[in-house]
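In terms of our numbering, the sequence shown is numbered consecutively and its last residue is 845. Glycine included, each C-beta is placed from N, C-alpha and C at the ideal position. Please read all numbers here as calculations on a predicted model, not as lab measurements.
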Amino acid sequence: MRYLLLFFVVALAACSSPNMRGALPFGAQDDRAVTPIQHVVIIVQENRTLDNMFYGFPNADTLGYGRMSNGRRVKLHEVSLAGPDIDNTYGDSVRSYDNGKMDGFNLNPSNGGTAGRYAYGYVSRTQSAPYWKMAEQFELADHMFPTEHGESWAAHIELIASTTNIAPTKALVDFPSQAPWDCDAPAGTTTPTLNSKGIYKSNGPFPCLVRLRTLADTLDAAGISWKYYAPAIDDWIQGAWSPFGSVKSVRYGPDWHNVITPSSSILSDVAKGRLAGVTWVVPDWQWSDHGGSGTSLGPSWVSAVVNAVGQSKYWNSTTIFVLWDDFGGWYDHVPPPQLDFKGLGIRVPCIVISPYVRPGSVVHTQYEFGSVLKFVEETFDLPALGSVADGYSDARAASMQDGFDYTQVPLTFHEIPAPTPPTYFLTARPSGRVPDE
């Protein structure tokens with residue numbers, strides 16, 4: 409009896425070891441399990457909502473019609489990625505949201521007037537086909553929300569820091585008053601702020617942040633490599649458009665060498681076996697999904713990056729997140745939960761690409777940009793960047809591990825077809841423009 413009891417004690421200890429894990433139901437991850445993921449790639453595209461990019465995707469929460477501010481119901485219509493831009497400031501986003509009615513999109517400025525019915529569009533299925541193929545082969549998260557209402561500059565900071573708070577009750581929002589919107593901005597540049605009473609002011613601090621904690625801090629402390637592939641900006645001092653340019657310790661410290669231009673360098677670095685532990689990838693303007701870019705190269709650009717990783721030695725140890733930084737003025741029917749005075753902002757698409765997700769699955773969990781950072785932190789056993797009270801959303805965000813099953817046989821990667829080959833991006837001359845102007 410004594411030996412039998414000893415056997416059970418040893419077996420229990422083995423089961424609770426961080427190096428052992430049993431078979432769990434899909435999505436039910438053991439927090440003590442050793443993950444096979446050693447690389448996380450965050451590909452950021454521009455200015456689309458889930459209804460705009462994935463309307464009609466099987467099992468996804470999409471809707472084929474919306475309502476305008478006059479109460480009129482309007483059917484979604486097909487639009488081109490190369491079509492006109494729609495404004496998407498903090499004020500535009502809040503007006504579109506309209507206290508959950510989701511009926512103010514037609515009022516967003518566009519082409520010198522208002523967007524009207526144009527805002528109620530979905531991207532041509534021909535143009536969005538590579539993104540649909542990624543979602544069909546891997547996973548679509550259909551309830552991903554930016555941390556706050558507003559424009560790309562703040563959203564990109566959220567994707568490295570999970571917050572734009574400069575105080576518990578005050579946050580940066582929208583773009584600074586002058587380009588390049590970072591530590592190299594002209595003297596006198598200010599950044600708009602929002603406080604907990606909903607008061608928006610345009611005279612906030614110079615965009616060179618000294619107290620913001622980012623993943624660079626925790627990754628460096630843990631000895632984990634990282635790179636940020638940024639579009640090349642020829643006429644700016646630092647020559648790159650990256651939120652790390654707004655973080656003083658990175659911009660003027662040794663970490664600045666981790667900010668790589670042009671963005672297409674990611675393709676050659678993967679081929680040379682130089683994929684970092686954590687990687688952000690931002691497009692050149694001409695490869696952006698931003699309205700008004702005049703091209704439809706965005707899906708081919710993202711496919712080139714995904715295919716480079718998927719066809720490399722890194723595949724079985726990598727997770728790729730493809731997401732869009734803000735709503736871009738486009739209609740979406742799901743009211744974003746308002747978790748604090750900043751938002752959440754209007755819903756955006758998120759594709760999760762990994763050997764350990766269920767093919768074609770749609771995950772309905774409520775995620776926010778902090779969820780992506782939380783996945784990085786869980787993968788590399790890093791602490792949260794800060795407290796919920798201080799505005800750090802990674803501390804409150806839902807974990808994205810619920811879409812993964814590390815016990816399954818790793819999925820075989822199949823090339824994502826795209827109309828423009830990777831060689832184009834390797835040889836194309838940078839436009840010199842930021843992906844969101």
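Between proline 838 and the set Ile754, Tyr832, Asp692 and Tyr814, the nearest pair of CA atoms involves Asp692. Distance from the CA atom of cysteine 758 to the CA atom of asparagine 666, rounded to whole angstroms, is 25 Å. The beta carbons of serine 807 and glutamate 786 sit closer together than 8 Å. For histidine 485, the uninterrupted beta strand (DSSP E) run begins and ends at 485-487, by DSSP. In the DSSP assignment, valine 756 falls within the beta strand (DSSP E) that extends over 756-761. Straight-line measurement puts the Cα of leucine 515 at about 22 Å from the Cα of tryptophan 561. Residues of the same chain with a CB within less than 6 Å of the CB of proline 670, apart from the 5 flanking positions on each side, are Ala640 and Pro838 in chain order. Per DSSP, reduced to three states, the secondary structure at arginine 837 is coil, with no helix or strand assignment.
Listed as beta-bridge partners of glycine 529 by DSSP are His485. In this structure, tryptophan 695 sits away from threonine 457, with a CB-CB distance that is not shorter than 8 Å. Per DSSP, reduced to three states, the secondary structure at glutamine 719 is coil, with no helix or strand assignment. No Cβ-Cβ contact shorter than 8 Å links glutamine 586 with threonine 601. Checking the DSSP bridge columns, you'll see asparagine 603 partnered with Lys578.
Membership of aspartate 500 in any beta strand (DSSP E) is not indicated; the residue belongs instead to the alpha helix (DSSP H) covering 498-505.
When DSSP states are grouped into helix, strand and coil, tryptophan 540 belongs to the helix group.
For phenylalanine 583, the closest alpha carbon among the candidates Thr571, Leu567 and Ser610 is that of Ser610. Judged by DSSP in its simplified three-state form, tyrosine 739 adopts coil rather than helix or strand. Residue burial is scored here from C-beta neighbours: valine 817 has fewer than 16 other C-beta atoms within 10 angstroms and is therefore classed as exposed. Annotated three-state conformation of valine 442 is coil, per DSSP. Here histidine 822 is exposed. Its C-beta has fewer than 16 other C-beta atoms within 10 Å. For proline 615, the closest alpha carbon among the candidates Ser654, Gly606 and Asn573 is that of Ser654.
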